[in-house]
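Reading through the structure tokens given below for one structure.
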Amino acid sequence: MEEERERKIIHVDMDAFYASVEQMDFPDLKGKPVAVGGNRQRGVVAAASYEARKYGIHSAMPSKIAASKCKNLIFVKPRFERYRELSHQIREIFFRYTDLVEPLSLDEAYLDVTENKMGISTATDIALEIKASIKEEIGLTASAGVSINKFLAKIASDYRKPNGIFIIKPHQVIPFIEDLPIEKFFGVGKKTAEKMYSLDIKTGADLREKTIKELVKHFGKQGRYFYSVSRGEDYRKVNPNRIRKSVGAENTFSVSLKTKTEIWEALQPIAEKCWKRYKQSDANAHTITLKIKFDDFQQITRSKTFEEAIDAANLFDQGLESLMESFQLPQYVRLVGCSLSNFEIEEKVGENGQLTLGF
Numbered sequence: 008m009e010e011e012r013e014r015k016i017i018h019v020d021m022d023a024f025y026a027s028v029e030q031m032d033f034p035d036l037k038g039k040p041v042a043v044g045g046n047r048q049r050g051v052v053a054a055a056s057y058e059a060r061k062y063g064i065h066s067a068m069p070s071k072i073a074a075s076k077c078k079n080l081i082f083v084k085p086r087f088e089r090y091r092e093l094s095h096q097i098r099e100i101f102f103r104y105t106d107l108v109e110p111l112s113l114d115e116a117y118l119d120v121t122e123n124k125m126g127i128s129t130a131t132d133i134a135l136e137i138k139a140s141i142k143e144e145i146g147l148t149a150s151a152g153v154s155i156n157k158f159l160a161k162i163a164s165d166y167r168k169p170n171g172i173f174i175i176k177p178h179q180v181i182p183f184i185e186d187l188p189i190e191k192f193f194g195v196g197k198k199t200a201e202k203m204y205s206l207d208i209k210t211g212a213d214l215r216e217k218t219i220k221e222l223v224k225h226f227g228k229q230g231r232y233f234y235s236v237s238r239g240e241d242y243r244k245v246n247p248n249r250i251r252k253s254v255g256a257e258n259t260f261s262v263s264l265k266t267k268t269e270i271w272e273a274l275q276p277i278a279e280k281c282w283k284r285y286k287q288s289d290a291n292a293h294t295i296t297l298k299i300k301f302d303d304f305q306q307i308t309r310s311k312t313f314e315e316a317i318d319a320a321n322l323f324d325q326g327l328e329s330l331m332e333s334f335q336l337p338q339y340v341r342l343v344g345c346s347l348s349n350f351e352i353e354e355k356v357g358e359n360g361q362l363t364l365g366f
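Residues are numbered in the numbering used here as their position in the sequence shown, beginning at 1, plus a constant of 7.
Now the structure itself:
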């Protein structure tokens with residue numbers, strides 16, 4: 008723990024990023040419930056403004072359900088090029104302070120500021136400067152979490168949303184974890200929480216009382232993770248060379264597809280987009296995956312793995328075609344997607360020094 012407590016980690020999470028960008032670019036949307044993605048008939052919400060969240064609307068919710076929750080909900084089409092543009096600008100702000108930046112997505116990232124380029128004495132001051140710069144230069148708000156490791160920093164960033172900051176200092180780690188509801192632990196979903204409750208584990212304090220043997224018995228390998236984080240231990244480094252595990256593309260259709268011929272035709276532009284992203288990724292994939300989602304939202308995937316890397320578009324097409332033949336169509340199809348994964352990339356992790364700085 009002593010070595011861990013020398014690390015200064017910040018997790019920055021943009022507030023309702025996609026929806027906030029739309030409200031910024033189109034002032035008429037400010038203060039209104041906005042859903043990015045889908046429409047009132049079909050599709051899925053990619054992001055919801057805070058005004059929409061008050062109605063219980065959230066990302067990954069079927070848009071038809073979202074529309075039923077809020078009659079004034081405004082649906083807008085996502086503009087990913089714009090989101091990527093702003094994400095790049097935000098990242099450039101991060102790099103002013105440290106090169107140890109690990110993006111998790113377009114709207115969040117870890118920063119290791121144990122050593123920082125600006126010579127600022129505390130991680131908290133760095134986080135405040137970053138938040139102010141994002142607001143002043145880009146016009147958006149972000150929330151930040153500051154602590155001794157990635158696990159705690161990510162939890163902290165969610166505590167004062169939107170436009171907040173939360174710090175978990177070294178001496179506060181164990182008391183904070185002991186009071187933490189078990190649902191707040193990353194990796195604890197609804198089913199895992201139910202299992203935890205059945206074992207009388209409701210808080211971090213309850214989790215800390217369990218031995219590693221007990222946790223592994225009930226939760227397998229994940230039990231080791233629970234044992235460590237309940238003690239404030241997370242030794243993962245902030246990895247600036249974080250590797251993408253797959254590339255893909257998909258589309259939700261306004262009118263459901265009824266036959267394999269329709270699906271195959273609709274798949275062509277999706278596959279073309281996927282292949283283009285793959286070639287830009289400078290990776291060598293071995294696995295092709297085809298995904299189909301039906302009208303009842305049941306989702307099925309089929310994968311095919313090759314011994315040699317997939318280096319030609321015709322091989323990709325042949326793989327998709329063989330996967331297509333393996334699908335049964337019990338009902339109409341609303342979404343089709345494909346991806347390439349199982350990459351042959353060597354991960355490089357840079358070494359960085361450790362300094363003890365105040366929070």
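Every residue gets a Cβ at the ideal spot worked out from N, C-alpha and C, and that includes glycine.
(message) Any beta carbon of chain C sitting closer than 7 Å to that of Gly45?
(response) The structure shown contains no chain C, having only a single protein chain.
(request) Count the other CB atoms, across all protein chains shown, that sit within 10 Å of the CB of Ser70; report buried if there are 16 or more and exposed otherwise. (result) Here residue 70 is taken as the residue at index 63 of the sequence shown, counted from 1. Buried: at least 16 other Cβ atoms inside 10 Å.
(request) Please classify Phe87: is it buried, with 16 or more other beta-carbons within 10 angstroms of its beta-carbon, or exposed? (result) On the sequence shown, residue 87 is found 80 positions in, with the first residue counted as 1. The residue in question, Phe87, is exposed, as its Cβ has fewer than 16 Cβ neighbours within 10 Å.
(request) Kindly identify the DSSP beta-bridge partner or partners of Pro188. (result) Within the sequence shown, numbered from 1, the residue matching residue 188 stands at position 181. BP columns for Pro188 point to Thr210.
(request) Express the C-alpha separation of Thr148 and Pro177 in angstroms, rounding to a whole number. (result) Stepping through the sequence shown from its first residue, residue 177 is reached at position 170. Stepping through the sequence shown from its first residue, residue 148 is reached at position 141. Near 27 Å, if we compare the C-alpha coordinates of Thr148 and Pro177.
(message) Let's see if you can read the secondary structure: which residues bound the beta strand (DSSP E) around Val83?
(response) Taking the sequence shown and counting its residues from 1, one reaches residue 83 at position 76. Ile81 to Val83 is the span of the beta strand (DSSP E), which, as asked, contains Val83.
(request) Could you tell me if Glu13 is buried or exposed, where buried requires 16 or more neighbouring beta carbons within 10 angstroms of its beta carbon? (result) Looking up residue 13 in the sequence shown gives position 6. Glu13 should be labelled exposed.
(message) So, does the segment 304–313 touch the segment 264–274, judging by three or more C-beta pairs under 8 Å?
(response) no
(request) Pick out the complete alpha helix (DSSP H) segments inside the segment 87–136, 4 residues or longer, and give them in chain order. (result) 87–102
(message) Cutting at 8 Å between CB atoms, please list the residues of its own chain near Phe101, excluding the five before and the five after it.
(response) Residue mapping note: residue 101 aligns to position 94 of the sequence shown, counting from 1. Contacts found: Val19, Val108, Ala116, Leu118 and Ile137.
(request) Select from Leu222, Val254, Tyr62 and Leu113 the residue whose C-alpha is nearest the C-alpha of Asn349. (result) What you label residue 349 is simply residue 342 of the sequence shown in a count that begins at 1. If we check each option's Cα against that of Asn349, Val254 comes out closest.
(request) Indicate the three-state DSSP secondary structure (helix, strand or coil) for Met376 in the structure shown. (result) As displayed, the chain neither begins before 8 nor continues past 366, which places residue 376 out of reach and without an answer.
(request) Measure the Cβ-Cβ separation of Lys39 and Ile97 and say whether it is below 7 Å. (result) Numbered from 1 along the sequence shown, position 32 holds the residue referred to as residue 39. Numbered from 1 along the sequence shown, position 90 holds the residue referred to as residue 97. No, Cβ-Cβ distance for Lys39 and Ile97 is not below 7 Å.
(message) Between Tyr104, Ala59 and Ser112, which has its C-alpha nearest Met125's C-alpha?
(response) Within the sequence shown, the letter at position 118 stands for residue 125. Minimum Cα distance to Met125 is reached at Tyr104.
(request) Could you give the DSSP three-state label for Cys281: helix, strand or coil? (result) As a position in the sequence shown, residue 281 is number 274, starting the count at 1. Cys281: helix per DSSP, three-state reduction.
(message) Please classify Leu93 as buried or exposed, where buried requires at least 16 other C-beta atoms within 10 Å of its C-beta.
(response) Within the sequence shown, the letter at position 86 stands for residue 93. When all chains shown are included, Leu93 counts as buried.
(request) Please name the residue, chosen from Arg89, His65, Asp132 and Leu347, that lies closest to Thr121 on a Cα-to-Cα basis. (result) Here residue 121 is taken as the residue at index 114 of the sequence shown, counted from 1. If we check each option's Cα against that of Thr121, Asp132 comes out closest.
(message) My assumption, with CB atoms under 8 Å, is that Leu111 sits in contact with Tyr90. Please give the rounded CB distance.
(response) By one-based count along the sequence shown, residue 111 stands at place 104. By one-based count along the sequence shown, residue 90 stands at place 83. Not quite, the Cβ-Cβ distance comes to about 14 Å (not below 8 Å), so this is no contact.
(request) State the CB to CB distance for the pair Gly211 and Ser237, rounded to an integer number of angstroms; the pair is presumed to be in contact (CB under 8 Å). (result) Here residue 211 refers to the residue found at position 204 when the sequence shown is read from its first residue. Here residue 237 refers to the residue found at position 230 when the sequence shown is read from its first residue. Yes, they are in contact, since the Cβ atoms of Gly211 and Ser237 sit about 5 Å apart, within 8 Å.
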